[in-house]
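Engineer:
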Amino acid sequence: MLMAVIALGAVSSLRAAETQRAGDWREIAWPFPRDGWPMGRAFRCVAGGCDGAELYVRAKRGFCNCETGVADDDEVDRVTDIDLISPRFRAIAPGTAVSVAAMHGRVRHYDLDMPDGARHAAAGLALSRHCDLLVAVAQGAGEATAVQRAALVFLDTEEMKGWMAAALDGR
Amino acid sequence: MFRCVLTAASLVLFACSSLVHAQKQTIGAPPEASNMKLVGSNDLQARSAYQPTIHHQGDRWIAYIGHHGGTDDVPAPVNPMTGQAEPNGTSIVDVTDPARPKYLRHLPGQEGKYESGGAQMVRVCDGKTLPKGDPAAVYMLRTFGSEAHEIWNVTDPASPVLITRIAGLKDTHKSWWECDTGIAFLVSGAPDWRTRRMTQIYDLSDPAHPQKIRDFGLPGQEPGSTGAVPTELHGPISTGPNGNRVYFGYGTNKGGILQIVDREKLLTGPKEPTPDNLRFPEIARMPMSAFNGAHTTFPMLDMPVAEFAEDKDGKTRDIVMIVDEAILNECGEARQMVWFADVTTENRPMMISSYTVPEASGQFCQRGGRFGSHSSNESMAPVYYKKMAFIAFFNAGVRALDIRDPYHPKEVGYFIPAITAATDKRCIPVEGGERCKVAIQTNNVETDDRGYIYIVDRANTGLHILELTGPARAVAGLPKN
Numbered sequence: 001m002l003m004a005v006i007a008l009g010a011v012s013s014l015r016a017a018e019t020q021r022a023g024d025w026r027e028i029a030w031p032f033p034r035d036g037w038p039m040g041r042a043f044r045c046v047a048g049g050c051d052g053a054e055l056y057v058r059a060k061r062g063f064c065n066c067e068t069g070v071a072d073d074d075e076v077d078r079v080t081d082i083d084l085i086s087p088r089f090r091a092i093a094p095g096t097a098v099s100v101a102a103m104h105g106r107v108r109h110y111d112l113d114m115p116d117g118a119r120h121a122a123a124g125l126a127l128s129r130h131c132d133l134l135v136a137v138a139q140g141a142g143e144a145t146a147v148q149r150a151a152l153v154f155l156d157t158e159e160m161k162g163w164m165a166a167a168l169d170g171r
Numbered sequence: 172m173f174r175c176v177l178t179a180a181s182l183v184l185f186a187c188s189s190l191v192h193a194q195k196q197t198i199g200a201p202p203e204a205s206n207m208k209l210v211g212s213n214d215l216q217a218r219s220a221y222q223p224t225i226h227h228q229g230d231r232w233i234a235y236i237g238h239h240g241g242t243d244d245v246p247a248p249v250n251p252m253t254g255q256a257e258p259n260g261t262s263i264v265d266v267t268d269p270a271r272p273k274y275l276r277h278l279p280g281q282e283g284k285y286e287s288g289g290a291q292m293v294r295v296c297d298g299k300t301l302p303k304g305d306p307a308a309v310y311m312l313r314t315f316g317s318e319a320h321e322i323w324n325v326t327d328p329a330s331p332v333l334i335t336r337i338a339g340l341k342d343t344h345k346s347w348w349e350c351d352t353g354i355a356f357l358v359s360g361a362p363d364w365r366t367r368r369m370t371q372i373y374d375l376s377d378p379a380h381p382q383k384i385r386d387f388g389l390p391g392q393e394p395g396s397t398g399a400v401p402t403e404l405h406g407p408i409s410t411g412p413n414g415n416r417v418y419f420g421y422g423t424n425k426g427g428i429l430q431i432v433d434r435e436k437l438l439t440g441p442k443e444p445t446p447d448n449l450r451f452p453e454i455a456r457m458p459m460s461a462f463n464g465a466h467t468t469f470p471m472l473d474m475p476v477a478e479f480a481e482d483k484d485g486k487t488r489d490i491v492m493i494v495d496e497a498i499l500n501e502c503g504e505a506r507q508m509v510w511f512a513d514v515t516t517e518n519r520p521m522m523i524s525s526y527t528v529p530e531a532s533g534q535f536c537q538r539g540g541r542f543g544s545h546s547s548n549e550s551m552a553p554v555y556y557k558k559m560a561f562i563a564f565f566n567a568g569v570r571a572l573d574i575r576d577p578y579h580p581k582e583v584g585y586f587i588p589a590i591t592a593a594t595d596k597r598c599i600p601v602e603g604g605e606r607c608k609v610a611i612q613t614n615n616v617e618t619d620d621r622g623y624i625y626i627v628d629r630a631n632t633g634l635h636i637l638e639l640t641g642p643a644r645a646v647a648g649l650p651k652n
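Protein chains in written order, with my numbering: chain W, 1 to 171; chain X, 172 to 652.
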């Protein structure tokens, strides 16, 4: 009995550590009006250090240079959905290369002037798979690096990897 | 009873076999056609083709055809004239006798595959019309992959000579060159701009000495701007100093924009790329649905519309035909098609009609490759201008439209070439892999002053030269053949 309690405690601690790293993301309704791309999925972080942050993910098929992939930071500015959150955004630093779910691309941090006057931090992510793009934006009142870290861990989960592959296939 | 069941089963089998036939092209099958017929063809060395330009050069007719880069299977096809593997570039074909086109020269382009290599775009001007050109010369403007624009002396089309290169660019695409002024609207990606493609305006009246005039784009694309980046340019068409308008098409398959610009203000206005200076020459901007792009924006100004002939006002209309580009194979996106905008009141442009090939007429979503529009002919020669338009529709071939009433465009002919052993496959992802089909991918179309129609294939099937037949000829006022 004691062993079981210890084991459960260990599992619980591991889960807590995992949650701390990945955040606890709950799916919410896609918050943006219909545009030229099919809707994606949206999530809100409810625990784990990214509380209140939101993550929007979707596939943009046929939107990528098939040979060069995500070439530069300007492309991240153009293709991520950051302009749907607010048209007033400003990159705060050069982006960095990133890999998620065997796809390569770039991630960049932004300051966002929200419609209600608040200032948010955001991380825009663009990944390429041949001629297609997978884009994601995580944004919240917290610090961009922490939001980005939690979002990347979440995107690398089996469930999200499976969904992203299907979305890029047009399924 | 048994006989009834048998008959019904036979009908079902017949219907199914017809459907299968309609969905799949096979080598050796005849082309599908209505009111258009094949005059001649050339395989273009099995290179993926983009833009054809047909030029009346002395007493000859020469087709200059731009190519995409190579494919994964054949990155650099062998040129049988040289025996060498050459990266796709420009095909130069003598089409004086359209029944026997003669391949003159392949001019290699940038190494690379698909959109990343080749020399997709081409325009041609005579030296005698360019203000500072050699009157005896003919000049070809082409892209060199994504990195440069080039001007070649093609006076002898079999032996082109490079004159000028404008290099150091991120991306290049469908430029426009005014042959009577030399002004060129070059589609490029300047390194410091925030978009892949914008306009670099040059004076190319002396092809050997290009003079940069200015950079141009939508506010938000310029260097140093922040916030949302407007969709990228595909290409402009200018009406020259007389028309004094440039029609820019932004976006190819999504969120298209038609921008109408005062040419004089564009050329002589303040040139520093600030938001105010970029807005200065703009007359109007018409945003399209998020579902559709503006690949080609073809102006047809002062068109008499028979239906309005008795009206006190508005008997003639200024029309811009907007063609979207289908991008995804097997209908993986919203339908890309043809739109007609009435821009007579320039600051209130309005979409008035549209055209698409009925999908069910050929089960085109199941044939393989892209289905939807891509481009129109851009010749303004009197033979077809403001009367007929020809639309490249990928696996639905080329479509001939009667546009004399642009409020009610009507298809009057079509031609879908047969596939050959050279026709390349087109694939879509499926769970655990991909599934491929082979189908015609008519990419571009152009016409010449004689009325011949030239279509080229993105899937390596080459060039087909066509003519109208039957009632379609009457639409253009051509004699019966």
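Even glycine gets a Cβ: it sits at the ideal position worked out from N, Cα and C.
(1) Quick one: grab the DSSP three-state call for His192 (chain X).
(2) Exposed or buried, Asp73 (chain W), counting other C-beta atoms within 10 Å across all chains shown (16 or more means buried)?
(3) Mapping the DSSP letters down to three states, classify Pro446 (chain X) as helix, strand or coil.
(4) With a 10 Å radius around its C-beta and 16 neighbouring C-beta atoms as the bar for buried, classify Thr516 (chain X) as buried or exposed.
(5) Check whether the segment 621–635 of chain X touches the segment 550–566 of chain X, counting contact only when three or more Cβ pairs, one atom from each stretch, lie closer than 8 Å.
(6) Going by DSSP in three states, Asn413 (chain X) sits in which element: helix, strand or coil?
(7) What residues from the segment 273–292 of chain X come within 9 Å of chain W, judged by C-beta to C-beta, listed N to C?
(8) At the level of alpha carbons, what is the spacing between Gln430 (chain X) and Thr402 (chain X)?
(9) When DSSP labels each residue in this structure, what does Pro642 (chain X) get in the three-state scheme?
(10) Grouping DSSP H, G and I as helix and E and B as strand, with all else coil, what is Ile611 (chain X)?
(11) Distance cutoff 9 Å, beta carbons only. Does Met172 (chain X) sit that close to anything in chain W?
(12) What's the call for Asn652 (chain X), buried or exposed, on a 16-neighbour Cβ count within 10 Å?
(13) If you compare alpha carbons, which of X:Pro378, X:Met508, X:Ala643 and X:Arg519 is closest to Glu453 (chain X)?
(14) Express the C-alpha separation of Arg450 (chain X) and Ala399 (chain X) in angstroms, rounding to a whole number.
(15) Between the alpha carbons of Pro94 (chain W) and Lys341 (chain X), how many angstroms are there, rounded?
(16) What residues in its chain sit with their C-beta under 6 Å from that of Arg629 (chain X), if we drop five residues either side in the sequence?
(17) Does Asp83 (chain W) have its Cβ less than 9 Å from a Cβ in chain X?
(18) Please identify the residue among X:Val646, X:Gly241 and X:Thr423 whose C-alpha is closest to the C-alpha of Lys557 (chain X).
(19) Indicate the three-state DSSP secondary structure (helix, strand or coil) for Gly48 (chain W) in the structure shown.
(20) Over what stretch of residues does the beta strand (DSSP E) that includes Lys129 (chain X) continue unbroken?
(21) Given that Glu143 (chain W) touches chain X, what residues does it touch there, using C-beta distances under 8 Å?
(22) List, in order along the chain, the chain X residues whose C-beta lies closer than 8 Å to that of Pro31 (chain W)?
(23) Looking at chain W, is there any beta carbon in it that lies within less than 9 Å of the beta carbon of Ala610 (chain X)?
(24) Can you pull the chain W residues whose beta carbon is under 8 Å from the beta carbon of Leu340 (chain X), in chain order?
(25) Do Val509 (chain X) and Leu572 (chain X) count as a contact pair if the criterion is CB distance below 9 Å?
(26) Would you identify the three-state DSSP class for Val137 (chain W), choosing helix, strand or coil?
(27) With a Cβ-Cβ cutoff of 9 Å, do Ile498 (chain X) and Gly170 (chain W) count as a contact?
(28) Sort out for me which residues DSSP pairs Glu321 (chain X) with in a bridge.
(29) What is the C-beta distance between Pro396 (chain X) and Trp347 (chain X), in whole angstroms, given that I count them as a contact (C-beta under 8 Å)?
(30) Please classify Lys483 (chain X) as buried or exposed, where buried requires at least 16 neighbouring CB atoms within 10 angstroms.
(31) Per DSSP, which one or two residues make a beta bridge with Glu203 (chain X)?
(32) What first and last residue would you give for the beta strand (DSSP E) that runs through Ala355 (chain X)?
(33) Quick one: using the 10 Å Cβ neighbour count with 16 as the cut-off for buried, is Met103 (chain W) buried or exposed?
(34) Got a sec, what are the start and stop residues for the alpha helix (DSSP H) Lys436 (chain X) sits in?
(35) Leaving aside the five residues before and after Leu84 (chain W) along the sequence, list all residues of the same chain whose C-beta is less than 6 Å from its C-beta, in chain order.
(36) If you scan the segment 358–431 of chain X from start to end, which runs of the alpha helix (DSSP H) of 4 or more residues do you find wholly inside it?
Structural biologist: On the basis of the supplied data:
(1) Note that His192 (chain X) has pLDDT 46, beneath the 50 cutoff, so the model's placement of it is unreliable and the number below is only indicative. His192 (chain X) falls in the helix class under three-state DSSP.
(2) buried
(3) helix
(4) exposed
(5) yes
(6) helix
(7) Gly283, Lys284, Tyr285, Glu286, Ser287 and Gly288
(8) 12 Å
(9) helix
(10) coil
(11) Because Met172 (chain X) sits at a pLDDT of 46, beneath the cut-off of 50, its placement in the model cannot be relied upon, and the point is left open.
(12) exposed
(13) X:Arg519
(14) 16 Å
(15) 19 Å
(16) Ser219, Gln612 and Asn614
(17) yes
(18) X:Val646
(19) coil
(20) Any question about residue 129 (chain X) goes unanswered here, given that chain X covers just 172 to 652.
(21) By Cβ distance, chain X contributes nothing, its closest Cβ being about 21 Å from Glu143 (chain W), past 8 Å.
(22) Result: empty, since nearest Cβ-Cβ is about 16 Å, beyond 8 Å.
(23) no
(24) Within 8 Å Cβ-Cβ: nothing; Leu340 (chain X) doesn't reach chain W, min ~13 Å.
(25) yes
(26) strand
(27) no
(28) X:Arg313 and X:Arg336
(29) In the sequence on display, residue 396 (chain X) carries Ser and not Pro. The pair is not a contact, with the Cβ atoms about 25 Å apart (cut-off 8 Å).
(30) exposed
(31) X:Ile587
(32) Ile354 to Ser359
(33) buried
(34) Arg434 to Thr439
(35) Phe32
(36) 411–414
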